[in-house]
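Asks:
Here it is, written out as structure tokens:
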């Protein structure tokens, strides 16, 4: 499937901003089953020419710097992506084997399972999540099957509720309330998997939404999305699961960035020199072409 | 001759008796090696030499020398902070140094240098080619668990040429008498400055012994460290800064001390800014390039854009500047993961594969439970070992403890720990149980064996690794402690490495051609200017408040003052205290004495003299490296002078006495600044702070006591408050009148307390400061002073009215704001970076 994605972020500040510095993680990666054909980012007011680097998780990170005083900031990223991920057909190894193998990882590179093994800034491990995961991860169960089961249970047991949490809600709080949004469900699933000693990462990106029958697609109504990548052993590598929709990722998802948790993969990190507060509006369009 | 001989013999007898007592009563713990007494029970000769010398002192003299050392510690402001406490504590320095012979030290130093080299190479490989990871010698998972592993530094070449500049290692003596490594410090090792302070204090208290025993000097090490830091810069005269987390950090006093001792800038994150791949210091003369940063903050807090986004003490963009080779950070961000206990399990084998030789000094035997064989071994020998967190400070599931001895756990705890290790072994290490050896601690005129840990420092210098001959020794107060950290009851001790030959002293002076003469120290950082300015303002406000309190207290008991007329002056004085936030609005109802007492010492009111003195100290604490010890001591003494006995009720007479005490300390401080403070930019900011405040205060007082409704009484008070009674009566024989008082307080350029005098001083100072504008137009602060000065010079006292005085006061405050806007953080001071995160 080919997609054209537009992601517009608008900040309105309560007081003039002297300086904005930060980083953008808006450029979709090219990796297994996903190819980036074109990418453009534009800001208003214009920023200094951005530099690009690849971060420890393989993401393309662009620098953002605006030295002109401003009261509003618009960041518009557009990309064209081809997605063609093969369906998983093989039998997967028992999860215990994968856990043992991860500890022998010979590198700290972006593909290494070692970087997904441990608690991270936004995801502490907690016993309740590990116990929850154990119900799906019974002894010797194939990892793919167990992970699908876990994602399906999260979808069934948790309520999608944008009012219940915010960006900084820790996983254990969302878990206790049994509510949240994609970010919370991803964090919960990651905490649960890591509790078993399995390498898991947070993925941010987009999902194509299919309008209800008979209705037209609404422009700008799509959203950024987040899901989970699980390392399934060296032969299968990283496979992605979407606990919000109880899906294994195939061709409806466009990946932008990954990391240990939200804080590694958030689309925009910026610091402003200003006194006032700010408001934020986001519009996302994922258009199949 | 005979009597003299016998008294000498008696003295010798007394000495040997004391020595005998100390030795006889000293009982090392069974099976544990001791520094003073060997395993056969014999006293070691180098300790006997020290104790013999101690024994020649009278007990009284001994006490006196110790007291001298304690006083020095207090006076020098050597302190540390216990987490969670607001006030710093005095540094607890032990009486007894730790003695190490040169021969033994050589072995220690070799072991430490070897380990430093090993760690440097491991760091370079882990962040570089990754051969050790690929070969399996070091599992990637044994590194990734550390929050101090900084993935963003992969593939980066350190701008300073190396990862590790200053390395420290905690060592202890094992049961076999050999030295063992207990832990590595690679993030931002602390304590080197305290070691230097300990040395200064102890060597002064026992200067005779110090040279008799050939104690090796520390200064050459610090010079070598300084040369090492300098070599990381890319200019011949690099600007070096110590990056501090600020005065609330546990070891701020040490950072300030090192900055002063080595002549580096002491900066906080706010002082630095990244532009075009380089890091700059904000100074009063604009941005100045910073070449080398010796960081004293953990890597995670260094850069809020790439690392911990909640950090307010870092420099946004620092990592990018490193990648662009624009600044050398020492130690490099990312070195901290070496400190995790998991690494102790691999370093012995890494030494063989990386250096081709085993470790000269072994470390505590450690097994990382992320490996199946090692995990089995740990679970097999569970009851005999200790379990610790492999990476963090807290053992998962054991609140607040980083390590436990399994033997000491309950059966339930043991079972839980076993399960946890079976589930996520990679979070745990097993370690042999460490028992520390002992060294003598001085406890009430006797010696007691106490466990200790020694921290040794090693610096990368242009001539290779160099070890500080000495170190930072922590001695426990309990005989059975298994771990020693700085907290209640732990003393630090100086460490004396005893050379076999007398130590060269003269060679320590730098050669004349290597020293370039300089009179002023670079550009003043904006934050230092800010704090000097505010220190001046707070000190001046303290003085003004003390004068008002004194005047109020003394008049409240004056039997000569006629009731009604005196009443008005008292009410006005109390009104001033209310207006300045020194007392509650309702307090004056309780009478003049109660109001005076509250204005003097009720710290809950920000405007009370005591609260202001504290604020002055807080401002000064941020620039401590720029103040002499004496100055710092006086600043600290101001509060105790004002409020020596907090719980006691005070009579009006006592209040007057205390204000006099406080004013005397302030006078001494002012004198000290006048006599000793270099007339550079820092001085100008201190003076401007005092003058702006004094000018504005005088205007306020004039409106209260020399306004259109002034009486003979209020005018008298006015003269009192500006200390001008005597001058007035010598100039005017007719008694107090409005215009002469106003002239004296506002316009008279010869009276050092007049507003005109303050404005003249500000103008004089501001003219010496650097100018940013290149178009020749006056900068705002200069324009304001010039105009104000012209008006005050031409004004006539007879023409003044209340509105005019208020206008002058407001222009002084405007001047204060203009100074802040131009020189301090260029307007960014209040608008601290606020983080905005976009979530969809």
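Protein chains in written order, with my numbering: chain A, 5 to 293; chain B, 29 to 868. For each residue, glycine too, the CB sits at the ideal point set by N, CA and C.
Since residue 158 (chain B) meets chain A, which of its residues come closer than 9 angstroms, beta carbon to beta carbon?
Replies: 110, 111, 112 and 113
Asks: If the criterion is Cβ atoms closer than 8 angstroms, does the pair residue 26 (chain A) and residue 89 (chain A) meet it?
Replies: no
Asks: Where does residue 473 (chain B) land, buried or exposed, given buried means 16+ other C-beta within 10 angstroms?
Replies: exposed
Asks: Do residue 276 (chain A) and residue 101 (chain A) have their beta-carbon atoms positioned less than 8 angstroms apart in this structure?
Replies: no
Asks: How should residue 37 (chain B) be labelled, buried or exposed, when 16 other C-beta atoms within 10 angstroms of its C-beta is the threshold for buried?
Replies: Its Cβ having fewer than 16 others within 10 Å, residue 37 (chain B) is exposed.
Asks: Could you check how far apart the C-beta atoms of residue 181 (chain B) and residue 69 (chain B) are, in whole angstroms? I think they sit under 8 angstroms.
Replies: Not really, about 53 angstroms apart at Cβ, beyond 8 angstroms.
Asks: With 16 as the cutoff for other CB atoms within 10 Å, does residue 210 (chain A) come out buried or exposed?
Replies: buried
Asks: Take the Cβ of residue 293 (chain A) as the centre, count every other Cβ of all protein chains shown within 10 Å, and call the residue buried at 16 or more, exposed below.
Replies: exposed
Asks: May I ask which residues mark the beginning and end of the beta strand (DSSP E) holding residue 20 (chain A)?
Replies: 6 to 21
Asks: Could you check the C-alpha separation between residue 530 (chain B) and residue 242 (chain B) for me, to the nearest Å?
Replies: 5 angstroms
Asks: Pick helix, strand or coil for residue 719 (chain B), following the three-state DSSP scheme.
Replies: helix
Asks: Looking at the structure shown, is residue 31 (chain A) part of a helix, part of a strand, or coil, going by DSSP?
Replies: strand
Asks: Would you mind giving the Cβ-Cβ distance between residue 925 (chain B) and residue 431 (chain B), rounded to the nearest angstrom? I have them listed as a contact below 8 angstroms.
Replies: Beyond the ends of chain B as shown, which are 29 and 868, falls residue 925 (chain B); an answer cannot be given.
Asks: Since residue 283 (chain A) sits in a beta bridge, which residues does DSSP pair it with?
Replies: A:16
Asks: From residue 700 (chain B) to residue 610 (chain B), what distance separates their C-alpha atoms?
Replies: 27 angstroms
Asks: For residue 704 (chain B), which of helix, strand or coil comes out of DSSP?
Replies: helix
Asks: At least one CB of chain B closer than 8 angstroms to the CB of residue 40 (chain A): is that the case?
Replies: Answer no: the Cβ-Cβ gap between residue 40 (chain A) and chain B never drops below 8 angstroms.
Asks: Whole angstroms are fine: how far does the CA of residue 748 (chain B) sit from the CA of residue 579 (chain B)?
Replies: 7 angstroms
Asks: Going along chain B, which residues have a C-beta under 8 angstroms from residue 218 (chain A)?
Replies: Under the 8 angstroms cutoff, chain B gives no residues; its nearest Cβ is about 27 angstroms from residue 218 (chain A).
Asks: Please specify which runs of the beta strand (DSSP E), each continuous and at least 3 residues long, are wholly inside the segment 630 to 709 of chain B, giving them in chain order.
Replies: none
Asks: Between residue 342 (chain B) and chain A, is there a C-beta pair that is closer than 8 angstroms?
Replies: no
Asks: Check distances from the C-beta atoms of the segment 115 to 133 of chain A to those of chain B and list, in chain order, the residues that come in under 9 angstroms.
Replies: 116, 117, 118, 119, 120, 121, 122, 123, 124, 125, 129 and 131
Asks: If you follow the beta strand (DSSP E) that residue 245 (chain A) is in, where does it begin and where does it stop?
Replies: 242 to 246
Asks: Thinking C-beta only, is residue 378 (chain B) closer than 8 angstroms to residue 391 (chain B)?
Replies: no
Asks: Chain B partners of residue 78 (chain A), CB-CB under 8 angstroms?
Replies: Chain B residues near residue 78 (chain A): none, gap ~12 angstroms exceeds 8 angstroms.
Asks: Closest by CA to residue 725 (chain B), which one among B:737, B:615 and B:837?
Replies: B:837
Asks: Looking at the strands, I want to know which residues DSSP matches up with residue 478 (chain B).
Replies: Per DSSP, the beta bridge partners of residue 478 (chain B) are B:467.
Asks: Taking 8 angstroms as the cut-off, does the segment 144 to 158 of chain B touch the segment 119 to 126 of chain B (at least 3 CB pairs, one atom from each stretch)?
Replies: Short answer: they don't touch.
Asks: Can the beta-carbon of residue 54 (chain A) be found less than 8 angstroms from the beta-carbon of residue 74 (chain A)?
Replies: no
Asks: Is residue 600 (chain B) near residue 732 (chain B), with beta carbons less than 8 angstroms apart?
Replies: yes
Asks: Is there contact here, the segment 187 to 206 of chain A with the segment 234 to 254 of chain A, by at least three beta-carbon pairs under 8 angstroms?
Replies: Verdict: yes, contact present.
Asks: Count the other CB atoms within 10 Å of the CB of residue 624 (chain B); is the residue buried (16 or more) or exposed (fewer)?
Replies: Looking at its Cβ environment, which holds 16 or more other Cβ atoms inside 10 Å, residue 624 (chain B) is buried.
Asks: From the beta carbon of residue 16 (chain A), is the nearest beta carbon of chain B less than 8 angstroms away?
Replies: no
Asks: Taking 8 angstroms as the CB-CB limit, is residue 329 (chain B) close to chain A?
Replies: no
Asks: Looking at C-beta atoms only, is the number of pairs between the segment 813 to 823 of chain B and the segment 773 to 793 of chain B that lie closer than 8 angstroms three or more?
Replies: yes
Asks: In chain order, what are the residue ranges of uninterrupted beta strand (DSSP E) at least 3 long that sit wholly in the segment 396 to 481 of chain B?
Replies: Those beta strand (DSSP E) runs which fall completely within the segment 396 to 481 of chain B and span 3+ residues are 413 to 417, 431 to 433, 456 to 460 and 466 to 471.
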